[in-house]
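For what it's worth, my numbering labels the leading residue of the sequence shown as 1025, then goes sequentially.
Single-structure report; data block below.
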Amino acid sequence: MYVNSNRSIKFLLISMSLIVAGCAETPIAPISYNDKSPINFTQNKKPEYIIPKSNDGRLKTAQAHKNTVWERLLSLYSLPDINNERVERQLNWYLDHPAYIARIQQRAEPYLHLILDEIEANKIPGELALLPVVESAFIPDAYSKADASGLWQFIPDTGKLYGLQQDSWYDGRRDILDSTQAATAFLKDLGETFNGDWCLALASYNWGKGNVWKAMEKNENQSLATDYWSLDVPRETADYVPRLIAIAKLFANAEDYNIHLNDIPNKPYLEVVDIESPLDLQKAAQLASMPLDKFMKLNPGFSRASTAPQGPHRLLMPVEKVASFKSSLAQLPFEERVDQTQIIKEQEEREERLARVEQQKEDRAGRIVAQTRQKESQGIPSKYKVKSGETLTAIAARNNTTVQALLKANPSTGKEVRSGVVLKMPAGSKKDAPIQWTAKASKNKADNVKVAMASTKNASLGSSKKSLENNKTSSKVTVVSNKKSTSKTVATNSLAASKSQNYRKANLVVAKADVTKNSRTTGKKLKKV
């Protein structure tokens, strides 16, 4: 009997593969209906939520840290205790970098008590006091490529939304007190927006509330969970919340993780001092008996050598320095509070910046006018059909051009034309064309400029100023000049001419204008015609 060996071999191979597949112990990761792996899928690693009561024993405070900011911080913890692979990965990174944890504590020491005051005032979870670890590593003047700044990394628009002043003198995003008050208010609003789901609130702080809503809506449309851990978010946002949970867990269980906590007393480190008016920051540091760099770490919001003229007129400094500072400041003569030379220099720089801005605006206006004039001068030649009895002279006058220009545009035409002939009109010629005013800056920067008015069929050499007034002819002149150069800048504007029969023939009218220069503004104004 004939046996198909190929078929037998194939059957044997299929049978063996099925047996192997059936004995496999590792399950295959599920695939969603769109053939993509589930977002952040981790086998058997669903977050474990443990809703804590006020410090229920899982937070350990060693006897050595009683009455410290650490004890106060842990007493304010209220986030769920979440354990999953993403949190563990961030926690392991912190544990692998103990020197970093030491630096964080050192940087945070001046600010923690103040931050906890605002956390308590807004009744938000104590863990959020550690958000600057994630945002800026507690560097008060940190700046990111996304234009975020300060301990809490506010971007300009959100900073303005929460009342943070931002100008060339002062940036409230870097101010310790102002930014902390704004950040805790912002976080409170986000917590209320997401009904107390602080993972979603924190994701919104990092990625934006609108983006989080969209991600939730996307999951909802796909019948997927809409909690933070299930959302499709950028890598930075995916690590953001686990990073905060990990650092909070580390400080809560410092002994278990063999982490040394600095002894930071639970009492105010900083005090706000009202200085009433601008003060040189170098002098302020001297009066406080502090190195300038350390002084500025407490007052990083100021961008110049002195506090801002328009305020805020206050400084932060260590509590133990306040009394001697106030005493020394009271003895300082008012005229010595700020270096007048520096003020004059900064004022001059400001005026120069404003002048440059105005000059740029003026240059743009000049370019627009020049481009408009160029377009007008490059008009498409029109055509004119000769009527019975017309001459070239009459046609030229009617179309605001000359006989020579007509002959040049129509080389095959003689001085006499027949009715019915179609003539090309020279470029730029136009019936009832507007009168053009031309103004140019004098090379010697004199105040007088000549303003020439081009002729039209409605203007006459014999017309008088009185006739113009009687016919209610109005004019508007714009003069554009560059006060820093002798280059000629041309400006044009329309003068509506009267259609009186007194102005049938065209000719040239020249007017003189006095230009007055205003030292407080750029450009020149026409004083009289």
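The beta carbon of each residue, even a glycine, is placed where N, CA and C say it ideally should be.
Own chain, CB closer than 6 Å to residue i, minus 5 neighbours either side, in chain order
i            : result
residue 1272 : 1151, 1154
residue 1309 : 1316, 1319
residue 1433 : 1448, 1450
residue 1323 : 1339, 1340
residue 1441 : 1410
residue 1038 : A caution first: residue 1038 carries a pLDDT of 43, below 50, which makes its placement in the model unreliable, though a value can still be read off. Excluding sequence neighbours, residue 1038 sits near nothing in its chain.
residue 1345 : 1312
Residue i - DSSP class collapsed to helix/strand/coil
i            : result
residue 1247 : coil
residue 1279 : coil
residue 1259 : helix
residue 1118 : helix
residue 1304 : strand
residue 1361 : coil
residue 1331 : coil
residue 1134 : coil
residue 1167 : strand
residue 1266 : helix
residue 1156 : helix
residue 1208 : helix
residue 1417 : helix
residue 1423 : coil
residue 1143 : helix
residue 1189 : coil
residue 1103 : coil
residue 1314 : coil
residue 1217 : helix
residue 1254 : helix
residue 1272 : helix
residue 1128 : helix
residue 1070 : Reliability fails at residue 1070, whose pLDDT of 36 lies under 50, so the model's placement of it is uncertain and no value is given.
residue 1161 : coil
residue 1368 : helix
Supposed close pair residue i, residue j - CB separation, criterion 8 Å
i            : j            : result
residue 1333 : residue 1302 : 5 Å
residue 1327 : residue 1160 : Contact doesn't hold; Cβ gap of about 18 Å is too wide.
residue 1095 : residue 1286 : Their Cβ separation, rounded to whole angstroms, is 13 Å, which puts residue 1095 and residue 1286 out of contact at 8 Å.
residue 1426 : residue 1420 : 5 Å
residue 1187 : residue 1197 : With 8 Å as the limit, residue 1187 and residue 1197 do not qualify as a contact, their Cβ atoms being about 11 Å apart.
residue 1264 : residue 1158 : 6 Å
residue 1294 : residue 1331 : Not a contact, Cβ separation roughly 17 Å.
residue 1325 : residue 1194 : 5 Å
residue 1416 : residue 1439 : 6 Å
residue 1235 : residue 1260 : The Cβ separation is near 12 Å, so there is no contact.
residue 1443 : residue 1412 : 4 Å
Residue i - partner residues in DSSP beta bridges
i            : result
residue 1326 : 1194
residue 1110 : For residue 1110, which the question treats as bridged, DSSP gives no partner whatsoever.
residue 1448 : 1407
residue 1178 : 1173
residue 1556 : Nothing about residue 1556 can be reported from this structure: the residues present for the chain run from 1025 to 1553 only.
residue 1393 : Answer by DSSP bridge pairing: none, since residue 1393 is not bridged.
residue 1341 : 1295
residue 1289 : 1092
Same chain, Cβ closer than 8 Å to residue i, neighbours up to 5 away in sequence not counted
i            : result
residue 1296 : 1201, 1338, 1339, 1340
residue 1356 : 1307, 1311
residue 1274 : 1115, 1118, 1119, 1125, 1281, 1283
residue 1138 : 1200, 1201, 1204, 1292, 1293, 1294
residue 1162 : 1128, 1131, 1132, 1135, 1156, 1175
residue 1350 : 1297
Extent of the continuous alpha helix (DSSP H) run through residue i
i            : result
residue 1409 : Premise fails: residue 1409 lies in the beta strand (DSSP E), 1407-1409, not in any alpha helix (DSSP H).
residue 1229 : 1222-1231
residue 1094 : 1093-1099
residue 1349 : 1346-1355
Cutoff 7 Å; reference residue i; Cβ partners in own chain excluding five residues on either side
i            : result
residue 1179 : 1170, 1171, 1172
residue 1146 : 1208, 1209, 1212
residue 1092 : 1287, 1288, 1289, 1290
residue 1577 : The requested residue 1577 is not part of the displayed model; the chain covers only 1025 to 1553.
residue 1268 : 1151, 1154, 1155, 1158, 1226
residue 1270 : 1111, 1114, 1115, 1118
residue 1148 : 1208, 1211, 1212, 1215
First through last residue of the beta strand (DSSP E) which encompasses residue i
i            : result
residue 1199 : Residue 1199 -> no beta strand (DSSP E), and no H or E assigned at all.
residue 1431 : Per DSSP, residue 1431 belongs to no beta strand (DSSP E); it is in the alpha helix (DSSP H), 1427-1433.
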